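Undergrad: Residue numbers (the numbering used here): 962 to 1131.
For glycine and all other residues, C-beta sits at the position ideal for the given N, C-alpha and C.
None of these values were measured; they are calculated from a predicted model.
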């Protein structure tokens, strides 16, 4: 107490921050969020129907106006011991819509049989207009030949495919 000033007590139930609607804009190109993931499971198929080989975790953007980039480096092995066609197909879908498709990668042996190959497929997709809504991206693969394996270079799961999600301010 100072001199003749009476003591008083201040009681507070809740302290609330500033309530203005303004936000600070990040400069264009600034990385808002980054995450990476490694796939450890091998997935194999001998079907020409697309099947999921990897699903990114559902991502909720931090900004409603940002650009989302999904990058990947995928390890594949294809083989066909009884024919010349060991090619594969790949597609990437965002929220059910095809963003990328490659209908012919691998090996087609014109001269004989017993075709096989190993392949690292690196690519990515980017998109805006998500308005802050969740984004789900899946990678699917199929064969045009006989057998294809995701996350394999020699028929085993000792190699890994790599995935990134990068959110960038616009």
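My assumption, with CB atoms under 8 Å, is that residue 1050 sits in contact with residue 1000. Please give the rounded CB distance.
TA: With a Cβ gap of about 19 Å, residue 1050 and residue 1000 do not count as contacting.
Undergrad: Ignoring anything shorter than 3 residues, give me the beta strand (DSSP E) runs that lie fully in the region 993-1045, in order along the chain.
TA: Taking only runs of at least 3 residues, the beta strand (DSSP E) segments lying wholly in the region 993-1045 are 1004-1006, 1012-1016, 1028-1041.
Undergrad: Could you check which residue in 997, 1043, 1078 has the C-alpha nearest to that of residue 1016?
TA: When each option's Cα is compared against that of residue 1016, the closest is 997.
Undergrad: Using the Cβ count rule (16 or more neighbours within 10 Å means buried), how would you classify residue 1109?
TA: Buried, by the Cβ-count rule.
Undergrad: Going by beta-carbon coordinates alone, are residue 1091 and residue 988 separated by less than 7 Å?
TA: Result no, Cβ atoms of residue 1091 and residue 988 do not sit closer than 7 Å.
Undergrad: Taking only heavy atoms of the ligand MG into account, decide whether any of them is closer than 6 Å to the Cβ of residue 1034.
TA: In terms of ligand content, the structure shown is empty, and the ligand MG therefore cannot be addressed.
Undergrad: Can you name, in chain order, every residue of its own chain whose Cβ lies under 7 Å from the Cβ of residue 1034, other than the five neighbours on each side?
TA: So the qualifying residues of the chain are 1081, 1083, 1122, 1123.
Undergrad: Could you give the distance in angstroms between the alpha-carbon of residue 1070 and the alpha-carbon of residue 1062?
TA: Cα-Cα distance, rounded: 23 Å.
Undergrad: Could you tell me how far apart the beta carbons of residue 1129 and residue 1020 are, in whole angstroms, since I believe they sit closer than 8 Å?
TA: Not quite, the Cβ-Cβ distance comes to about 13 Å (not below 8 Å), so this is no contact.
Undergrad: Is residue 1047 closer than 7 Å to residue 1067 when the C-beta atoms are compared?
TA: Cβ atoms of residue 1067 and residue 1047: closer than 7 Å.
Undergrad: Name the DSSP bridge partner or partners of residue 1082?
TA: According to DSSP, which records beta bridges pairwise, residue 1082 is partnered with 1035.
Undergrad: Starting from residue 987, trace the beta strand (DSSP E) both ways and give me its first and last residue.
TA: Residue 987 -> no beta strand (DSSP E), and no H or E assigned at all.
Undergrad: Could you check where the beta strand (DSSP E) with residue 1053 kicks off and where it finishes?
TA: It spans 1049-1055 - the beta strand (DSSP E) in which residue 1053 sits, taken as one unbroken run.
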